[in-house]
Amino acid sequence: FRAPPDELVPVGAVNDFPVGETKLVSVRDPSPLAWAGQTADTALWVRRREANGPAMFQVFNVNCTHLGCPVNWQAEAKIFLCPCHGGVFYSDGTVAGGPPPRPLFEREWSVQGDRLLVRQQALPTVKRG
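The working numbering numbers the first residue of the sequence shown as 3 and each following residue consecutively.
1. Within the same chain, show all residues whose beta-carbon is closer than 7 Å to that of Arg-51, passing over the 5 residues directly before and after it, in chain order.
2. Figure out for me which residue from Thr-44, Ala-42, Val-48 has the closest Cα to the Cα of Val-118.
3. What is the rounded straight-line gap between the Cα of Asp-116 and the Cα of His-87?
4. Within its chain, find whatever has a CB closer than 8 Å to the CB of Ala-15; leave out the 5 residues flanking it on each side and keep chain order.
5. Could you please give the first and the last residue of the uninterrupted beta strand (DSSP E) stretch that includes Gly-14?
6. Looking at C-alpha atoms only, which residue of Asn-17, Val-21, Ala-45, Pro-20 is the closest neighbour of Glu-108?
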């Protein structure tokens, strides 16, 4: 059996993400079942925090940490809102209210040249036990 690919994939040019804005992107992610050989398109939220530097971006999985429903970005209020059970997250992914037990899951990212790259991964879950 082989593990799913663990690589950085491009999501756009750095200039596609204006400072202070949050944008929805899609990436092709590996299956969590390494033997399945399947992939899926996965949505991610990309937040551009500053023009340059190590904290330039935050990249969040679109799924609420309560039960996995997709969160929506509310640009005017600058919050992520889960439509299923009313979970609310601040723009930095931390929990603002509702049932989510933890912040939004973040993805590793890198800038290479003028491209933003994001680490491929299966949907994260919290280990139990």
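Here a beta-carbon is modelled for each residue, glycine too, at the ideal position from N, C-alpha and C.
All values reported here derive from a predicted model rather than from experimental measurement.
Per the coordinate set shown:
1. Residues Ala-57, Met-58, Phe-59, Gln-60 of the same chain have their beta carbon placed closer than 7 Å to that of Arg-51, with the five preceding and five following residues left out of the count.
2. Note that residue 118 is Leu in the sequence shown, not Val. Of the candidates Thr-44, Ala-42, Val-48, the one whose C-alpha sits nearest the C-alpha of Leu-118 is Val-48.
3. Going by C-alpha positions, Asp-116 is about 38 Å away from His-87.
4. So the qualifying residues of the chain are Asp-116, Arg-117, Leu-118.
5. Counted as a single uninterrupted DSSP element, the beta strand (DSSP E) harbouring Gly-14 occupies residues 10-15.
6. Looking only at Asn-17, Val-21, Ala-45, Pro-20, the smallest Cα-Cα distance to Glu-108 is reached by Ala-45.
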